Amino acid sequence: MTRYLILAGALLAATGCAANPEPEAAPAAPAPTAGAISLKPAPAPALDLRASSLWVADERLLPQRPILALIASGGSVNAPAGLSATCSADTGAITARLGRQPTDRKGQSATYQLRVAGKTRSLEGRFETAARASDAEFVFSLSAAELREMAGAETVTFVTDKGDPTWVFVRDPATPVSAPHIASLKDLPKEAPAFIGFCNPK
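Read in the working numbering, the sequence shown has 134 at position 136, and its numbers run on one by one without any break.
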């Protein structure tokens, strides 16, 4: 009998079977993917006029100057909603004003960027007090060619000297964009040429 027990023990050892096998370790949790990014929703715009704004050009009589202005629904060129342009009827030079800019920068100069039709242009300007508000405006020169490009674009973006979009204008209100201020390009294709006509030296 003893000889049979010894043979059985040897057989178990040879086949690798243990009387009390250790439990298998639990599978390790998968390591996080390298470079994984936690996506956060874009902040809501401070002002969203993409579905309730349009552009209007007005020749206006002297001593006033011709104006092209973004206006909110029910508004007028005398109270632009964020961007306006006036011109000298003597020289045709166009001066644009981009509203809702930082008030603590009044009197400073800066270089903004205009992004339209796949192109980026530098805009040298200065921060001034808005005529009818406590806000500051970024005041800069705009060429007739740049205005025509804006009128034909699907999206127009103004970027601050810190690299952040400050205003985005869209032709289609459903266009997904992210910026503090969003408005429409509605009627700009017909109002911009009218404004440029008013600005031609007589």
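Note that the Cβ used here is the ideal one computed from N, Cα and C, for glycine as well. Small disclaimer: the values here were computed from a predicted structure and weren't measured.
Original post:
DSSP three-state call for Leu68: helix, strand or coil?
Top reply: Correct three-state label for Leu68: strand.
Original post:
In or out: Ser82 buried (at least 16 other Cβ within 10 Å) or exposed?
Top reply: Answer is buried; the Cβ neighbour count reaches 16.
**OP:** Throw me the rounded Cβ distance for the Glu147 and Ala115 pair, which I believe falls under 8 Å.
**Re:** Yes, they are in contact, since the Cβ atoms of Glu147 and Ala115 sit about 5 Å apart, within 8 Å.
**OP:** Have a look at the DSSP bridge pairing and note the partners of Thr153.
**Re:** DSSP lists Val168 as the bridge partner or partners of Thr153.
Original post:
Does the distance from the C-beta atom of Ala199 to that of Asp102 stay below 7 Å?
Top reply: It is Pro, not Ala, that sits at residue 199 in the sequence shown. Taking 7 Å as the cut-off, the beta carbon of Pro199 is found no closer than this to the beta carbon of Asp102.
Subject >> For Val54, the residue or residues it bridges with in DSSP >> reply: Answer by DSSP bridge pairing, in chain order: Ala67.
Original post:
Between Tyr201 and Thr158, which are expected to be in contact by the criterion C-beta below 8 Å, what is the C-beta distance as a whole number of angstroms?
Top reply: Since the first residue shown for the chain is -1 and the last is 200, residue 201 is missing from the structure and cannot be characterised.
Original post:
Rounded to the nearest angstrom, how far is the Cβ of Leu45 from that of Ala94, given a contact under 8 Å?
Top reply: Your pair Leu45 and Ala94 does not check out as a contact, with CB atoms roughly 18 Å apart and the cut at 8 Å.
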